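Contents: one structure, followed by commentary.
There are 2 protein chains.
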Amino acid sequence: MNLLLLERDEVAADGTVRLADARAAHLIGVLKAAPGRTVRVGLADGPKGSGRVTRVGLDDVCLHCVFEETVPERPPVDLLLALPRPKVLRRLWAQLAALGVGRITLVNAWKVERMYFDTHVLAPELYRPLLIEGLQQARDTRVPEVRIRRRFSALMNEMGSETVSDGEARWLADPTAGAGLRQAMGRRSAATPSTRVLVAVGPEGGWTDRERASLQAHGFQGVSLGPRALRSDTACVALLALAHHVLRETTA
Amino acid sequence: MNLLLLERDEVAADGTVRLADARAAHLIGVLKAAPGRTVRVGLADGPKGSGRVTRVGLDDVCLHCVFEETVPERPPVDLLLALPRPKVLRRLWAQLAALGVGRITLVNAWKVERMYFDTHVLAPELYRPLLIEGLQQARDTRVPEVRIRRRFSALMNEMGSETVSDGEARWLADPTAGAGLRQAMGRRSAATPSTRVLVAVGPEGGWTDRERASLQAHGFQGVSLGPRALRSDTACVALLALAHHVLRETTA
Chain A
1 MNLLLLERDE VAADGTVRLA DARAAHLIGV LKAAPGRTVR VGLADGPKGS
51 GRVTRVGLDD VCLHCVFEET VPERPPVDLL LALPRPKVLR RLWAQLAALG
101 VGRITLVNAW KVERMYFDTH VLAPELYRPL LIEGLQQARD TRVPEVRIRR
151 RFSALMNEMG SETVSDGEAR WLADPTAGAG LRQAMGRRSA ATPSTRVLVA
201 VGPEGGWTDR ERASLQAHGF QGVSLGPRAL RSDTACVALL ALAHHVLRET
251 TA
Chain B
1 MNLLLLERDE VAADGTVRLA DARAAHLIGV LKAAPGRTVR VGLADGPKGS
51 GRVTRVGLDD VCLHCVFEET VPERPPVDLL LALPRPKVLR RLWAQLAALG
101 VGRITLVNAW KVERMYFDTH VLAPELYRPL LIEGLQQARD TRVPEVRIRR
151 RFSALMNEMG SETVSDGEAR WLADPTAGAG LRQAMGRRSA ATPSTRVLVA
201 VGPEGGWTDR ERASLQAHGF QGVSLGPRAL RSDTACVALL ALAHHVLRET
251 TA
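Chains as they are written, first to last, in the working numbering: chain A, 1 to 252; chain B, 1 to 252.
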């Protein structure tokens, strides 16, 4: 844990917090928190700050927190992901939050098993703590927005009606694509590069031709990660890292 | 499975193979193999080829394989990884092989728990099938070489005596580094860019200052993945993907 992330309703108006859960156990057992010690803290979707430990009990910790004025920017990368197997998704939540994602859209596709939608891995009670875990690792406070769409075509319609921001590049992972990532920064000239990237990752069996055509019609450009076919969770991590890298390079 | 990977001693001199293990079950149950059908095959550390199904039994499959003349190149990226927790390492093997690694060196470090070295996850009987699984996903045949070093300083001495190839860049993941990845392609001029990258990823708690200094003395340059601190398995996947990307770009 590189930052202690707090929910808004956990912090009193005067900045005091009392924790008695896994975070308290971590503060006590791993970080050896003692009164007077300061730890990095953050408010979910709010500012970062610092927390001074005021009291350490057997299984609870009290802190007094002071927060910064500014809230970190939402990460400039979004993910459109064909719903993976529950086991894979469970492993992904924390990694996605750690890598930095503004919005995660989980969508159905032809080669997604229907029963994947009935899993508890899609319940906010399960995934929010995993997202928080990833943010605490990465020292971020911005919780990825999560939306779930059981119909691919309905999502495409929504995307059509969403105003496509001029500054957004849309990438479609495709081992056969010729375009490098830089070229796929999209419809903007080099002088005004894209400032956000939306990455689409298909199901294990791939998108169908029809789904791929629909994505392309909605502005997604094929980008190649080289000739190797990756599992969808590996592809997510690889593409998010590459998207952040290319954004850092083009906006530097 | 995008390619059926065979060990050398499984293939008779005339190219015939009989499988009765998980690969046979996959051919029968998932790929619905029938006599006459052709599947992509490969020889571990040998050429790719194609296999024609000649017989399908209840739980075994016979194929006749023809192999290409050339053997795929060894992936141009290597990994130096402080030994992670067994659970994390178990998850990594297949992903590393899928992303493409020439050699994986697992090393001790100050913040690595000693007991991690006593795990069965370090036994070839356990990790080789996982590497093969990753190669079958990525359609590659080159099995990563694995070496395990229980002493960091001994590995550094070895690296000192290894002839540092002019064409090799050495990267050290470091959130505080200023250098982008392109600059870290190393000691070579832009006209003759590095053709291999060796990526070092530290333990969860990070390298010590002394370990970091030793790595730098052995030619490792800090590269930043941005300000976010990543778990070591996420960092491995991200860095390997970035190393492949930068090599593709600079050697294109």
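Note that CB positions come from ideal geometry on N, CA and C, so glycine has one too. Since this is a predicted model, take the numbers as computed values, not measurements.
In chain order, each beta strand (DSSP E) run of at least 3 residues that lies wholly inside the region 35 to 84 of chain B: 38 to 43, 48 to 56, 61 to 67 and 77 to 82
Under 7 Å by beta carbon: chain A residues contacting B:His244: The count along the second sequence starts at 1 and reaches residue 244 of chain B at position 244. Result: Gly226.
A:Leu29, enclosing beta strand (DSSP E) - first and last residue: Taking the first sequence and counting its residues from 1, the one referred to as residue 29 of chain A is at position 29. Checking the sequence, you will find Gly at residue 29 of chain A rather than Leu. No beta strand (DSSP E) contains A:Gly29, which is instead part of the alpha helix (DSSP H) from Ala22 to Gly29.
Proximity to B:Leu63 [Cα-Cα], best of B:Val121, B:Arg139 and B:Ala13: Stepping through the second sequence from its first residue, residue 63 of chain B is reached at position 63. Measuring from the Cα of B:Leu63, the nearest candidate turns out to be B:Ala13.
Where the alpha helix (DSSP H) containing A:Trp93 begins and where it ends: Taking the first residue of the first sequence as position 1, residue 93 of chain A is located at position 93. Here the alpha helix (DSSP H) through A:Trp93 covers Pro86 to Leu99.
Runs of alpha helix (DSSP H) lying entirely within the region 99 to 171 of chain B, each at least 4 residues, in chain order: 124 to 138 and 152 to 161
Buried versus exposed call for A:Asn108 [16 or more other C-beta atoms within 10 Å across all chains shown]: As a working note, residue 108 of chain A is residue 108 in the first sequence. Result: buried.
Residue environment, A:Arg139, which counts as buried when at least 16 other CB atoms sit within 10 Å: As a working note, residue 139 of chain A is residue 139 in the first sequence. Classification of A:Arg139: buried, given that the 10 Å Cβ count is 16 or more.
Where B:Arg142 meets chain A, residues with beta-carbon distance less than 8 Å: Indexing the second sequence from 1 puts residue 142 of chain B at position 142. By Cβ distance, chain A contributes nothing, its closest Cβ being about 11 Å from B:Arg142, past 8 Å.
Member of A:Met156, A:Thr105, A:Gln95 and A:Arg147 whose CA lies at the smallest distance from the CA of A:Arg212: If you number the first sequence from 1, residue 212 of chain A lands on position 212. The candidate whose alpha carbon is nearest that of A:Arg212 is A:Met156.
Short Cβ contact (8 Å threshold) for A:Leu3 with A:Arg40: Counting from 1 along the first sequence, the entry for residue 3 of chain A is found at position 3. Counting from 1 along the first sequence, the entry for residue 40 of chain A is found at position 40. Cβ distance < 8 Å, so A:Leu3 and A:Arg40 count as in contact.
Burial state of A:Ile132 (16 or more Cβ within 10 Å): Your numbering for residue 132 of chain A matches position 132 in the first sequence. Under this definition A:Ile132 is a buried residue.
Short-range partners of chain B found in the region 91 to 120 of chain A, where Cβ spacing is below 9 Å: Arg91, Ala94, Gln95, Ala98, Leu99 and Gly100
Within-8 Å CB hit, B:Gln221 to chain A: In the second sequence, counting from the first residue as 1, residue 221 of chain B sits at position 221. No, no contact with chain A.
Candidates A:Pro129, A:Leu181 and A:Ala94, of which the one nearest B:Val246 by Cα: The residue you call residue 246 of chain B lines up with position 246 of the second sequence. Among A:Pro129, A:Leu181 and A:Ala94, the Cα nearest to that of B:Val246 belongs to A:Leu181.
C-beta contact flag for B:Val237 and A:Ala238 at 8 Å: Looking up residue 237 of chain B in the second sequence gives position 237. Looking up residue 238 of chain A in the first sequence gives position 238. Yes, the pair counts as a contact, with Cβ atoms nearer than the cut-off.
Inter-stretch contact (C-beta, 8 Å, three-pair minimum) for the region 15 to 26 of chain B and the region 143 to 158 of chain B: no
Reduced DSSP category for A:Leu3 - H, G, I as helix; E, B as strand; rest coil: Reading the first sequence from its first residue, position 3 is the one you call residue 3 of chain A. Three-state DSSP puts A:Leu3 in coil, outside helix and strand.
Residue-chain proximity (A:Ser232, chain B), Cβ-Cβ < 8 Å: What you label residue 232 of chain A is simply residue 232 of the first sequence in a count that begins at 1. So, not an interface residue.
Residue-level contact to chain B via CB, A:Leu131, 8 Å cutoff: Position 131 of the first sequence, counted from the first residue, corresponds to residue 131 of chain A. No, A:Leu131 lies away from the interface with chain B (no Cβ there is under 8 Å from its Cβ).
Host beta strand (DSSP E) of B:Leu198 (start-end): Within the second sequence, the letter at position 198 stands for residue 198 of chain B. Start and end: Arg196 to Val201.
Exposure of A:Ser194, with buried meaning 16 or more beta-carbon neighbours within 10 Å: Numbered from 1 along the first sequence, position 194 holds the residue referred to as residue 194 of chain A. Under this definition A:Ser194 is a buried residue.
Any chain A beta carbon closer than 8 Å to B:Ala82: Here residue 82 of chain B refers to the residue found at position 82 of the second sequence. For B:Ala82, the answer is no, since every Cβ of chain A falls outside 8 Å of its Cβ.
Chain D within 8 Å of B:Val201, Cβ atoms only: Protein chains A and B are contained in the structure displayed, whereas chain D is not.
Buried versus exposed, by CB contacts within 10 Å (16 or more), B:Ala34: The sequence position of residue 34 of chain B within the second sequence is 34, counting from 1. Classification of B:Ala34: exposed, given that the 10 Å Cβ count is below 16.
Closer than 7 Å at the beta carbon, the chain A residues around B:Val237: By 1-based counting over the second sequence, the position of residue 237 of chain B is 237. Those are Thr234, Val237 and Ala238, listed as they occur along chain A.
Between the CA atoms of A:Arg248 and A:Arg142 - distance to the nearest angstrom: Counting from 1 along the first sequence, the entry for residue 142 of chain A is found at position 142. Counting from 1 along the first sequence, the entry for residue 248 of chain A is found at position 248. Straight-line Cα distance between these residues: approximately 19 Å.
Span separating the alpha-carbon of A:Arg196 from that of B:Ser224: Mapped onto the first sequence, residue 196 of chain A falls at position 196. Mapped onto the second sequence, residue 224 of chain B falls at position 224. A:Arg196 and B:Ser224: Cα-Cα distance of roughly 20 Å.
Backbone CA spacing between A:Arg187 and A:Gln216 [nearest angstrom]: On the first sequence, position 187 is the one that residue 187 of chain A refers to. On the first sequence, position 216 is the one that residue 216 of chain A refers to. Confidence at A:Arg187 is low in this model, with a pLDDT of 48, below 50, so the placement of that residue should be treated as unreliable; the coordinate-derived value is given next. If you take the alpha carbons of A:Arg187 and A:Gln216, they lie about 13 Å apart.
Alpha carbon of B:Ser189 to alpha carbon of B:Glu168, nearest angstrom: As a position in the second sequence, residue 189 of chain B is number 189, starting the count at 1. As a position in the second sequence, residue 168 of chain B is number 168, starting the count at 1. Confidence at B:Ser189 is low in this model, with a pLDDT of 48, below 50, so the placement of that residue should be treated as unreliable; the coordinate-derived value is given next. Roughly 12 Å separates the two Cα atoms.
Alpha carbon of A:Thr105 to alpha carbon of A:Arg151, nearest angstrom: As a working mapping, residue 105 of chain A is identified with position 105 in the first sequence. As a working mapping, residue 151 of chain A is identified with position 151 in the first sequence. Those two C-alpha atoms are separated by around 12 Å.
A:Ala97 versus B:Leu31 - alpha carbon distance: Here residue 97 of chain A refers to the residue found at position 97 of the first sequence. Here residue 31 of chain B refers to the residue found at position 31 of the second sequence. Looking at the two C-alpha atoms, the distance is approximately 35 Å.
Per-residue contacts from A:Arg139 into chain B (C-beta, under 8 Å): Translated into positions along the first sequence, residue 139 of chain A becomes position 139. Within 8 Å Cβ-Cβ: Pro227, Arg228 and Ala229.
Any C-beta of chain A under 8 Å from that of B:Ala241: Position 241 of the second sequence, counted from the first residue, corresponds to residue 241 of chain B. Interface residue, yes.
Same chain only: Cβ atoms within 6 Å of B:Arg149, ignoring 5 sequence neighbours per side: Counted from its first residue, the second sequence places residue 149 of chain B at position 149. Val107 and Leu155.
Environment of B:Pro124 [buried if 16+ CB atoms lie within 10 Å]: Residue 124 of chain B sits at position 124 when you count from the first residue of the second sequence. The residue is exposed, with fewer than 16 neighbouring Cβ atoms inside 10 Å.
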